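In this note's numbering, the protein residues as written are 628 to 723.
The structure appears below as structure tokens.
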Ligand code: HEM
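Put into structure tokens, the structure is as follows:
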């Protein structure tokens, strides 16, 4: 589907914040039949958190505000975590 045809509130329209701001994505599905809970662990790697933050703002607040990601009508974000991984250069500097 071309960008012109894509609904403005589609996940792929809102999560795409331009060719210069990309992330590495990894979704791992999970499911528990007993508790009827299922979904995906969304993992994303970026050189700076601001890129991820922009994507989350587009998804949850919307662009323009209110035009939020349609994926949220079907999926509920339950929790989240942010990890910082220092570069080798940084580790070498820290080691003195
Ligand atoms: C329930 C959680 C999520 C699901 C099931 C999901 C699923 C998907 C799917 C199916 C695509 C299209 C892949 C393709 O066209 O090959 C996609 C694209 C994408 N998603 Fe998600 N996603 C989720 C959460 C997120 C979150 C939280 C972010 C950002 C923080 C994100 C960022 C992106 C980006 C950047 C793209 C590529 C858009 C583009 O450049 O075309 N996604 N996602």
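Think of the CB as a built atom: it goes at the ideal place given N, C-alpha and C, for glycine as much as any other residue.
Since this is a predicted model, take the numbers as computed values, not measurements.
Per DSSP, cross-strand counterpart(s) of residue 687: Residue 687 sits at position 60 when you count from the first residue of the chain shown. Residue 687 is not bridged to any residue.
Terminal residues of the beta strand (DSSP E) in which residue 716 lies: Along the chain shown, read from residue 1 onward, the residue named residue 716 stands at position 89. That residue, residue 716, is in no beta strand (DSSP E); its alpha helix (DSSP H) goes 715-721.
Integer-rounded CB distance, given that residue 694 should sit under 8 Å from residue 635: Within the chain shown, residue 635 is the residue found at index 8, counting from 1. Within the chain shown, residue 694 is the residue found at index 67, counting from 1. Residue 694 and residue 635 do touch by the CB rule: their CB atoms are close to 6 Å apart, below 8 Å.
Closest residue to residue 650 among 642, 664 and 707 (Cα-Cα distance): On the chain shown, position 23 is the one that residue 650 refers to. Comparing Cα positions, the closest option is 642.
Range covered by the alpha helix (DSSP H) that runs through residue 642: Position 15 of the chain shown, counting from 1, holds the residue named residue 642. Bounds of the alpha helix (DSSP H) holding residue 642 are 638-642.
Residue 642 beta carbon near the ligand HEM (any heavy atom closer than 6 Å): Against the chain shown, residue 642 aligns to sequence position 15. Residue 642 Cβ: within cutoff of the ligand HEM.
Residue(s) in a DSSP beta bridge with residue 672: Taking the first residue of the chain shown as 1, we reach residue 672 at position 45. 651.
Contact under 7 Å by Cβ, residue 670 with residue 653: Taking the first residue of the chain shown as 1, we reach residue 670 at position 43. Taking the first residue of the chain shown as 1, we reach residue 653 at position 26. Contact: yes.
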